[in-house]
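The opening residue of the sequence shown carries number 1300 in the numbering used here; numbering runs sequentially from there. Shown next, in structure tokens, is the structure this report addresses.
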Amino acid sequence: MADPTVVAFPADERTAAPAHLSADEAAVWRAVIGSRKAGHFGPEIFPLLEQYCATAMMSDHVAARLRAEDGIDHALIETSGKLTDTLVDLAEALGLLPGGNRARDVGA
């Protein structure tokens, strides 16, 4: 069995989404990886990118629930705000915001 912590790079240096991501998370992964030049994201950033993909999907799920609500669900609004804040923080660390540079250290 292959080591799940080792991620192989294809010829263009853009790694495929990890197999354990959902289809929607993998789509976010591909969009993020494809938004930057090959080699921009190295393996040291992949855990942060996985977190970004998962948070984006959770945020979408909560937003869909809010749109379907009949009335105001304050708990969902609060959750949505926290997820949005987390998503922005992760985007900043990944260098996805306009004019931003990727964090050099995953813990940064």
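Virtual Cβ for every residue (Gly too), placed ideally from N, Cα, C. Here the structure is a predicted model, which means the values were calculated and not measured.
Residue environment: Ala1374 is assigned as exposed (fewer than 16 neighbouring CB atoms within 10 Å of its CB, all protein chains considered). Around the beta carbon of Glu1377, fewer than 16 other beta carbons lie within 10 angstroms, which makes this residue exposed.
Under the three-state reduction of DSSP output, His1373 falls in the helix class. Of all C-beta pairs linking the segment 1320-1329 to the segment 1361-1375, fewer than three are shorter than 8 Å, placing the two stretches out of contact.
Under the rule that a run must span 4 or more residues, the alpha helix (DSSP H) segments found entirely inside the segment 1319-1402 read 1322-1333, 1345-1367, 1373-1393. Within the model, the alpha-carbon separation for Glu1343 versus Leu1395 is close to 16 Å. Just so you know, the alpha carbons of Asp1323 and Gly1338 end up roughly 23 Å apart. In summary, Val1387 is exposed, with fewer than 16 beta-carbon neighbours lying within 10 Å of its beta-carbon over all protein chains present.
Taking a C-beta distance under 8 Å as the contact criterion, Ser1358 and Leu1382 qualify as a contact pair. Leu1365 places its beta carbon less than 8 Å from that of Ser1379.
The Cβ-Cβ distance between Pro1317 and Glu1349 falls below 8 Å.
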